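S.K.:
Protein chains in written order, with my numbering: chain A, 1 to 323; chain B, 1001 to 1323; chain C, 2001 to 2323.
1) How close, in whole Å, do the beta carbons of residue 2059 of chain C and residue 2049 of chain C come, if the pair is a contact with beta carbons under 8 Å?
2) Nearest to residue 1245 of chain B by alpha carbon, out of B:1236, B:1188, B:1099, B:1222?
3) Should the stretch 1199-1218 of chain B be regarded as contacting the stretch 1229-1245 of chain B, the criterion being three or more beta carbon pairs within less than 8 Å?
4) Across which residues does DSSP place residue 1189 of chain B in a beta bridge pair?
5) Spatial neighbours of residue 316 of chain A within its chain, please: C-beta separation below 6 Å, excluding the five flanking residues on both sides.
6) For the stretch 2208-2235 of chain C, enumerate the residues whose C-beta is nearer than 9 Å to any C-beta of chain B, in chain order.
7) Whole-angstrom Cβ separation of residue 2236 of chain C and residue 2214 of chain C, contact assumed at under 8 Å?
8) Just verifying my parser: in three-state terms, what is the DSSP assignment at residue 1991 of chain C?
9) To which residues does DSSP link residue 80 of chain A through a beta bridge?
10) With distance defined between alpha-carbon atoms, name the residue in B:1079, B:1007, B:1057 nearest to residue 1025 of chain B.
11) Would you check if the distance between the CB atom of residue 1199 of chain B and the CB atom of residue 1207 of chain B is smaller than 8 Å?
12) What residue ranges within the stretch 1132-1180 of chain B form continuous alpha helix (DSSP H) runs of no fewer than 4 residues, ordered along the chain?
13) Would you call residue 1274 of chain B buried or exposed, if buried means 16 or more other Cβ atoms sit within 10 Å of its Cβ?
14) Anything in the stretch 19-31 of chain A with a Cβ closer than 9 Å to a Cβ of chain C? List those residues in chain order, please.
15) Quick check on residue 2293 of chain C: does DSSP put it in helix, strand or coil?
16) Could you pull the DSSP bridge partners for residue 1123 of chain B from this structure?
17) Which residue comes first and which comes last in the alpha helix (DSSP H) that contains residue 18 of chain A?
18) Using a Cβ cut-off of 8 Å, pull out every chain B residue sitting near residue 191 of chain A, in sequence order please.
19) Counting along the chain, where does the alpha helix (DSSP H) carrying residue 1093 of chain B start and finish?
20) If residue 2157 of chain C sits next to residue 2136 of chain C, beta carbons under 8 Å apart, how far is it from one beta carbon to the other, in whole angstroms?
21) Answer yes or no: do residue 86 of chain A and residue 112 of chain A have a C-beta to C-beta separation smaller than 8 Å?
22) Output the boundary residues of the alpha helix (DSSP H) element that contains residue 1057 of chain B.
23) Can you tell me the Cα-Cα spacing of residue 2251 of chain C and residue 2119 of chain C, whole angstroms?
24) Quick check: is the beta carbon of residue 2101 of chain C nearer than 8 Å to any beta carbon in chain A?
25) Between the alpha carbons of residue 2291 of chain C and residue 2271 of chain C, how many angstroms are there, rounded?
26) Kindly examine the ligand GTP and report whether one of its heavy atoms sits closer than 7 Å to the Cβ of residue 230 of chain A.
27) To which residues does DSSP link residue 235 of chain A through a beta bridge?
28) Looking at residue 2188 of chain C: is its Cβ nearer than 8 Å to the Cβ of residue 2162 of chain C?
29) Would you please verify whether the beta carbon of residue 1258 of chain B is less than 8 Å from any beta carbon of chain A?
30) Check whether the Cβ of residue 160 of chain A lies closer than 8 Å to any Cβ atom in chain C.
31) At 9 Å on the CB atoms, spell out the chain C contacts of residue 175 of chain A, in chain order.
32) Am I right that residue 177 of chain A and residue 160 of chain A are in contact with their C-beta atoms under 8 Å? What's the rounded C-beta distance?
33) Of the residues that make up the stretch 2132-2161 of chain C, which ones have a beta carbon closer than 8 Å to any beta carbon in chain B?
34) Mapping DSSP to helix, strand and coil, what is residue 221 of chain A?
35) Using a Cβ-Cβ cutoff of less than 8 Å, which residues in the same chain neighbour residue 42 of chain A once the five nearest sequence positions on both sides are dropped?
36) For residue 1238 of chain B and chain A, any beta-carbon pair shorter than 8 Å?
And the structure:
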């Protein structure tokens, strides 16, 4: 995740302030929390699944929340903080650093859009803009749309009406149609009886140039990482993109598709209507996924898959004949 | 269904006014219409499916619309009103009692929110509030949101922008994200050529404490019963909850799930993304339903199911191998 | 497609201006672009799939974009314009005739609704209406709703809040609930690396009398043809209807159904929740489609189908037993 302009961050904290048992590391200072790959030497990271073993071995984090059986995958200069429930501890640390990222209260800095602040931008009626939002020349924003603080929108974009955008960076010539909600927190929490622990979402959404997002889509911001929609990718109506998803360039995603959290799609991927893709998967380049499919495992480059659960098109057709 | 504060009710009517053939019951007075279980001694009820035989045997209703072959399941002191099409007759009686519940005209009492009426509530721009709406301290309501007459919202809730709420009672610390429509009438009507008969929806939505509902969800109010979301249950984006559905406590419902009318879910149920649950089913406690599943029959407590149609996870995996 | 009131059209052009190689047809004038069936003698049409062979043989178009192997299906008095990629060439011609139909910029003529212009219409707060929009007596329009230029809405309709309607003609007694987006451009483009070619959508949406559309639905306008919802058809929440789809009369379409582009449904069709129907299909009259089904081929009248891919109910049940 790149620099965080959307949330106020507390700290720095000493490791010994965060974890009392680690008083031996008196000098170690933690500035921020980040993923294994993106962590720099003053960051705390987290590692709780063998899926990320390679990333763990390369992390530059000063310390890392992990479990007893995974701790040896970390580099020697990364201090392992062994806990029973990595996400639970991570959630608590995040709340300490980012106390306002676990809920989406409407931006109090919103005011009616004015051309004196945003030159050569066309605003419909009742558009609200937050402080430090940046909107490029030639962009057109429809009525009742809300652009919260620090959001950046490029040149020549068309944003529809009744749209909400927060914690998002948008390139040039992007289309976002009516009723979309972009950059809200994702579906992440630690389940507890009576009152779940809400997981702070300190990530953002990045939408690259020439992307088109049709109406009533929802694209959640990342939890710790970012959610990314690559250049020239098109989404049809009512698509749901969960937190931390990364979609490559030139993808075509038909109506009502859902992509669960942390899944990564390559370039030139096409997905038929109503297909669903499970979380934490890696879908290769040039993959074609049939409408209505349910994808539950990684998919190599150039595959054509279909079915629930999705298999190669060849296998899908063979199975149909056997029935 | 508890007391009806949302709709103006006509009546009382004598049974003989409602049904001419029942002139023998000259004294019987009907105050309201209710489900078999919730009916009190001045209510008319309805019974048209063996699924509800047990409820029928216990009803306290003074009279009950039913069919020839079901009428004997009713208690002796409940007057059976035998008709060919229970729902058709019920629909007509409902229209007599509640002439304005079959269409959702915008509340004419809506005015711009003012802090003089709702103390310690934070309102965004252009929030509209209906008469007798009640909003608790510490609650934050985003721009362009509409809270219709008599809606009650508890303390410390966060309601997003472009939200519509009507006929709904909401507890404390509830989150409702942007673009949700809560409490609109459900998909209920008697099919007729050229002009269907719209079924009045006199129920409401009840959302208990600590519930979280993500963006662009739709939760319809009950037809005669209520729609209920239990304490600490979380819904992800674009979930559809139909009329009369009851969801227990501590449930987790992932994105784009749909739950059809009158289905009842127990506590601690988790549902994967894009799963669909048919109407009039009973899903037990601690049930786990895989993403993309289609549930078409009742599910006992503690089951783990998957597939279309959904079967036990064990059976699902076995079937995959057989293919 | 009937007369186009929503888009400014350039032209007429001589065929020789549009296609340099066709200079031999110096006199042939093209007024508009239309489908094979709807084209009149001054229109250019297009033919690129054997599915439309019968329509091709009957077209009255003066000229038709087509391929080498299909050109002989056209009538003798229709000038074949043989190209490699029909849709690519069509897209470019459409942009020439209709330069503003490939993007949905908010209607600049929108102003706050006034009863001086629209008599006996009830408007909520902050309703915006475009020039030449026509709204019938007794119609009620909820807050924050946007009705763009030239839209026509009949008598006694109820339009919810946060609704967007453009390029649409609506009959009498129609209900459109909150959060719907009607008449936006569909998901049509020519895929190109870095910058897709956006396909102009010059069609409209036609919604006939007594139709009901529940909340958060999206109904895209036609590309060259129209999108049509027949009389007394009801759509539940979160339904997606793609461009050029035609739905007959008295249909019932449950929640979260998706219908892909150019598919035609007969009358009295019922579709269960979350079902998906592929594009360019023909679904007969009185067809019943089970919830969650994926329909991938044409369906004859009176069929009852289910499954993914959908088969007859009999076959579906048999397959379940074999598992």
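Built from N, CA and C at the ideal position, the CB exists for glycine as well.
Just so we're clear, the structure is a prediction, and the values are computed from it rather than from any experiment.
M.R.: From the atom records:
1) Reading the third chain from its first residue, position 59 is the one you call residue 2059 of chain C. Reading the third chain from its first residue, position 49 is the one you call residue 2049 of chain C. Cβ atoms of residue 2059 of chain C and residue 2049 of chain C stay farther apart than 8 Å, at about 14 Å.
2) Within the second chain, numbered from 1, the residue matching residue 1245 of chain B stands at position 245. Measuring from the Cα of residue 1245 of chain B, the nearest candidate turns out to be B:1222.
3) Flag = yes, the stretch 1199-1218 of chain B and the stretch 1229-1245 of chain B touch.
4) The residue you call residue 1189 of chain B lines up with position 189 of the second chain. Note: residue 1189 of chain B sits in a beta bridge opposite B:1198.
5) Here residue 316 of chain A refers to the residue found at position 316 when the first chain is read from its first residue. 306, 307, listed in sequence order.
6) So the list reads 2209, 2210, 2212, 2214, 2215, 2216, 2231, 2232, 2234, 2235, given in the order they occur along the chain.
7) In the third chain, residue 2236 of chain C corresponds to position 236, counting from 1. In the third chain, residue 2214 of chain C corresponds to position 214, counting from 1. Yes, they are in contact, since the Cβ atoms of residue 2236 of chain C and residue 2214 of chain C sit about 5 Å apart, within 8 Å.
8) One cannot answer for residue 1991 of chain C here, as it falls past the ends of chain C, which runs 2001 to 2323.
9) By one-based count along the first chain, residue 80 of chain A stands at place 80. A:64, per the DSSP bridge assignment.
10) Taking the first residue of the second chain as position 1, residue 1025 of chain B is located at position 25. When only C-alpha atoms are compared, the closest one is B:1079.
11) Numbered from its first residue, the second chain carries residue 1199 of chain B at position 199. Numbered from its first residue, the second chain carries residue 1207 of chain B at position 207. For residue 1199 of chain B and residue 1207 of chain B, no; Cβs fall outside 8 Å.
12) Fully enclosed alpha helix (DSSP H) runs of 4 or longer: not present.
13) Numbered from its first residue, the second chain carries residue 1274 of chain B at position 274. Its Cβ being crowded by 16 or more others within 10 Å, residue 1274 of chain B is buried.
14) Answer in chain order: no residues at all.
15) For the purposes of this step, residue 2293 of chain C is identified with residue 293 of the third chain, where counting begins at 1. DSSP, read as helix, strand or coil, puts residue 2293 of chain C in coil.
16) Residue 1123 of chain B sits at position 123 when you count from the first residue of the second chain. Residue 1123 of chain B is bridged to B:1141.
17) Against the first chain, residue 18 of chain A aligns to sequence position 18. 15-18 is the extent of the alpha helix (DSSP H) around residue 18 of chain A.
18) Residue 191 of chain A sits at position 191 when you count from the first residue of the first chain. What residue 191 of chain A touches in chain B: 1250, 1252.
19) Stepping through the second chain from its first residue, residue 1093 of chain B is reached at position 93. Segment 1086-1097, the alpha helix (DSSP H) holding residue 1093 of chain B.
20) By 1-based counting over the third chain, the position of residue 2157 of chain C is 157. By 1-based counting over the third chain, the position of residue 2136 of chain C is 136. Yes, they are in contact, since the Cβ atoms of residue 2157 of chain C and residue 2136 of chain C sit about 7 Å apart, within 8 Å.
21) Counting from 1 along the first chain, the entry for residue 86 of chain A is found at position 86. Counting from 1 along the first chain, the entry for residue 112 of chain A is found at position 112. No, they are not a contact pair.
22) For the purposes of this step, residue 1057 of chain B is taken as the residue at position 57 of the second chain. Per DSSP, the unbroken alpha helix (DSSP H) holding residue 1057 of chain B starts and ends at 1053-1058.
23) Here residue 2251 of chain C refers to the residue found at position 251 of the third chain. Here residue 2119 of chain C refers to the residue found at position 119 of the third chain. Near 32 Å, if we compare the C-alpha coordinates of residue 2119 of chain C and residue 2251 of chain C.
24) On the third chain, residue 2101 of chain C is found 101 positions in, with the first residue counted as 1. It does not: the Cβ of residue 2101 of chain C has no partner Cβ on chain A nearer than 8 Å.
25) Counting from 1 along the third chain, the entry for residue 2291 of chain C is found at position 291. Counting from 1 along the third chain, the entry for residue 2271 of chain C is found at position 271. Answer to the nearest angstrom: the Cα atoms are 7 Å apart.
26) The ligand content of the structure shown is nil, which means the ligand GTP is not present either.
27) Here residue 235 of chain A corresponds to residue number 235 of the first chain, with the count starting at 1. Residue pairing from DSSP places residue 235 of chain A in a beta bridge opposite A:213, A:253.
28) For the purposes of this step, residue 2188 of chain C is taken as residue 188 along the third chain, with counting starting at 1. For the purposes of this step, residue 2162 of chain C is taken as residue 162 along the third chain, with counting starting at 1. Residue 2188 of chain C places its beta carbon 8 Å or farther from that of residue 2162 of chain C.
29) The count along the second chain starts at 1 and reaches residue 1258 of chain B at position 258. No, because no Cβ of chain A sits closer than 8 Å to the Cβ of residue 1258 of chain B.
30) Sequence index remark: in the first chain, residue 160 of chain A carries index 160 (1-based). True, the Cβ-Cβ gap to chain C drops below 8 Å.
31) Here residue 175 of chain A refers to the residue found at position 175 when the first chain is read from its first residue. Result: 2103, 2104, 2198.
32) Mapped onto the first chain, residue 177 of chain A falls at position 177. Mapped onto the first chain, residue 160 of chain A falls at position 160. Indeed they touch by this definition, with Cβ atoms about 4 Å apart.
33) For the stretch 2132-2161 of chain C, which is checked against every Cβ of chain B, the residues closer than 8 Å are 2140, 2141, 2142, 2143, 2144, 2158, 2160, 2161.
34) Taking the first chain and counting its residues from 1, the one referred to as residue 221 of chain A is at position 221. Three-state DSSP puts residue 221 of chain A in coil, outside helix and strand.
35) In the first chain, residue 42 of chain A corresponds to position 42, counting from 1. By the criterion of a C-beta distance shorter than 8 Å, residue 42 of chain A is surrounded in its chain by 12, 29, 30, 31, 32, 62, once the five residues flanking it on both sides are discounted.
36) For the purposes of this step, residue 1238 of chain B is taken as residue 238 along the second chain, with counting starting at 1. Interface residue, yes.
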